[in-house]
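Undergrad: Residue numbers (this note's numbering): 30 to 332.
We treat Cβ as the ideally placed atom computed from N, Cα and C, and that holds for glycine.
Encoded structure:
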């Protein structure tokens, strides 16, 4: 502690300002990173000395995991060991993406400003290799950053049940979520079982419910908005771990009084890792510009 205090008595006060600013901006990252990648974080904190934190430029964000150690850093950092590099490779790439994204997000879950949406949209477009935006064809939702909650399965065709719903035994783990008693906002995905296509299956599997009824201008032209939102592709991202899913808008909701801003199918919630008991948490959801319908639905990795 004395060594740390002595450091700040020197003339290099700009380090102190940078340290304070960085610590304040990223106070929540420690908890989120540790929560989502507990094993990797424990290994890093226990085994990586401070000098190797700096040597690994791509790991600069991990300095947040330990108390300030700037004073003890050598002028010429040592090269990281091969063991360190091997362990670093085991850390999901979404961890570092989450660190990059965090400074762009507000401290509370609120509607983003136009400028915030533009910056975040650019980052998402780059890291997921697709064009995304908060507004498309002059339409936008009431928000692009909100709390997602768990939804049930939807009936894909008349007479669909939990017994006929899954294609593989591995998928049956999602049967416990049950099926909604009514149809989605756009009715059945297919007229009948015999007419159901793989696209219909995937649309129900990877759907979200969004508050279309709260979107700007919705009540002025319900028919136009109804047609635009039907099965519209979106990218949903958990900003705490970088896990993302390409989905379609398959239903409308939830109601404003629930405190949630959108809902996700059981498969969507599972991939986003929003299944912590409350089955809710903040996500980003942006429109995908895919006029030729070339981007497949389902989980997608950061590049």
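1) Measure the C-alpha to C-alpha separation of residue 217 and residue 160 and round it to an integer number of angstroms.
2) Suppose only complete runs of 3+ residues qualify. What are the beta strand (DSSP E) ranges in the region 277-331, listed by chain order?
3) Tell me the rounded alpha-carbon separation between residue 158 and residue 329.
4) Three or more C-beta pairs under 8 Å: does that hold for the region 185-193 against the region 311-318?
5) Buried or exposed, going by whether 16 or more other CB atoms sit within 10 Å of the CB of residue 54?
6) For the region 213-233 and the region 138-154, state whether three or more C-beta atom pairs, one from each stretch, are separated by less than 8 Å.
7) Using 10 angstroms around the beta-carbon of residue 320, count the other beta-carbons present and answer buried if the total reaches 16, otherwise exposed.
8) Considering only C-alpha positions, which residue in the set 302, 289, 295, 326 is nearest to residue 139?
9) Rounded to a whole number of angstroms, what is the C-alpha to C-alpha distance between residue 149 and residue 297?
10) Tell me which same chain residues have a C-beta within less than 6 Å of the C-beta of residue 295, skipping the five on either side of it?
11) Going by DSSP in three states, residue 138 sits in which element: helix, strand or coil?
12) Could you check which residue in 248, 272, 196 has the C-alpha nearest to that of residue 125?
13) So, residue 270 versus residue 127, is the Cβ gap smaller than 9 Å?
14) When you compare the CB positions of residue 318 and residue 183, do they come within less than 9 Å of one another, or not?
15) Classify residue 293 as buried or exposed, calling it buried when 16 or more other Cβ atoms lie within 10 Å of its own Cβ.
16) According to DSSP, what are the bridge partners of residue 177?
17) Mind checking which residues open and close the beta strand (DSSP E) that includes residue 349?
18) Would you give the residue range spanned by the alpha helix (DSSP H) that residue 256 belongs to?
19) Find the nearest neighbour of residue 180 within the set 213, 259, 199, 331, judged by alpha-carbon distance.
20) Taking its Cβ as the centre, do 16 or more other Cβ atoms sit within 10 Å of residue 240, making it buried, or is it exposed?
21) Could you check how far apart the C-beta atoms of residue 223 and residue 168 are, in whole angstroms? I think they sit under 8 Å.
22) Taking the beta carbon of residue 331 as the centre, do at least 16 other beta carbons fall within 10 Å, making it buried, or is it exposed?
23) Following the continuous alpha helix (DSSP H) through residue 202, name the residue where it begins and the one where it ends.
24) So, do the region 227-242 and the region 257-271 have three or more beta carbon pairs nearer to each other than 8 Å?
25) For residue 178 and chain B, any beta-carbon pair shorter than 9 Å?
26) Measuring straight from C-alpha to C-alpha, what distance separates residue 274 and residue 228?
27) Give the DSSP-derived three-state secondary structure of residue 157 in the structure shown.
TA: Taking the structure as given:
1) In the chain shown, residue 217 corresponds to position 188, counting from 1. In the chain shown, residue 160 corresponds to position 131, counting from 1. Taking the CA atoms as reference points, residue 217 sits about 29 Å from residue 160.
2) If we require 3 residues or more, the beta strand (DSSP E) runs fully inside the region 277-331 come out as 291-293, 309-317, 327-329.
3) Along the chain shown, read from residue 1 onward, the residue named residue 158 stands at position 129. Along the chain shown, read from residue 1 onward, the residue named residue 329 stands at position 300. Using only the alpha carbons, I get a separation of about 10 Å.
4) Contact annotation: the region 185-193 does not touch the region 311-318, with fewer than three C-beta pairs closer than 8 Å.
5) Here the question's residue 54 lines up with position 25 in the chain shown. Reliability fails at residue 54, whose pLDDT of 49 lies under 50, so the model's placement of it is uncertain and no value is given.
6) They do not touch, by the three-pair rule.
7) Stepping through the chain shown from its first residue, residue 320 is reached at position 291. Burial is judged here by how many other beta carbons sit within 10 angstroms of a residue's own beta carbon; residue 320 has fewer than 16 and is exposed.
8) Position 110 of the chain shown holds residue 139. Considering only alpha carbons, the answer is 289.
9) As a position in the chain shown, residue 149 is number 120, starting the count at 1. As a position in the chain shown, residue 297 is number 268, starting the count at 1. For residue 149 and residue 297, the distance between alpha carbons rounds to 21 Å.
10) Counted from its first residue, the chain shown places residue 295 at position 266. Non-local beta-carbon contacts of residue 295 in its own chain, meaning distances under 6 Å to residues more than five positions away in sequence, involve 203, 206 in chain order.
11) On the chain shown, position 109 is the one that residue 138 refers to. Three-state result, residue 138: coil.
12) Residue mapping note: residue 125 aligns to position 96 of the chain shown, counting from 1. Of all alpha-carbon atoms in 248, 272, 196, the one lying nearest the alpha-carbon of residue 125 is that of 272.
13) To locate residue 270, count along the chain shown from 1; it is residue 241. To locate residue 127, count along the chain shown from 1; it is residue 98. Cβ atoms of residue 270 and residue 127: closer than 9 Å.
14) Within the chain shown, residue 318 is the residue found at index 289, counting from 1. Within the chain shown, residue 183 is the residue found at index 154, counting from 1. Taking 9 Å as the Cβ cut-off, residue 318 and residue 183 do not qualify as a contacting pair.
15) Counting from one through the chain shown, the residue named residue 293 turns up at place 264. Buried is the call here.
16) Position 148 of the chain shown holds residue 177. According to DSSP, which records beta bridges pairwise, residue 177 is partnered with 291, 310.
17) In the structure as shown, the chain starts at 30 and stops at 332, and residue 349 therefore has no counterpart that could be examined.
18) Within the chain shown, residue 256 is the residue found at index 227, counting from 1. For residue 256, the uninterrupted alpha helix (DSSP H) segment begins and ends at 251-258.
19) Here residue 180 is taken as the residue at index 151 of the chain shown, counted from 1. Selected option, being the one with the closest Cα: 213.
20) The sequence position of residue 240 within the chain shown is 211, counting from 1. Around the C-beta of residue 240, 16 or more other C-beta atoms lie within 10 Å, and the residue is accordingly described as buried.
21) Translated into positions along the chain shown, residue 223 becomes position 194. Translated into positions along the chain shown, residue 168 becomes position 139. About 34 Å separates the beta carbons of residue 223 and residue 168, which is beyond the 8 Å limit, so they are not a contact pair.
22) Your numbering for residue 331 matches position 302 in the chain shown. Of the other Cβ atoms in all chains shown, 16 or more fall within 10 Å of the Cβ of residue 331; this residue is therefore buried.
23) As a position in the chain shown, residue 202 is number 173, starting the count at 1. In this chain, residue 202 is not harboured by any alpha helix (DSSP H), its DSSP state being neither H nor E.
24) Cβ pair count under 8 Å is three or more, so yes.
25) Annotation note: the requested chain B is absent from the structure, which comprises a single protein chain.
26) Taking the chain shown and counting its residues from 1, one reaches residue 274 at position 245. Taking the chain shown and counting its residues from 1, one reaches residue 228 at position 199. C-alpha separation (whole angstroms): 16 Å.
27) By one-based count along the chain shown, residue 157 stands at place 128. In this structure, residue 157 counts as helix in the three-state DSSP scheme.
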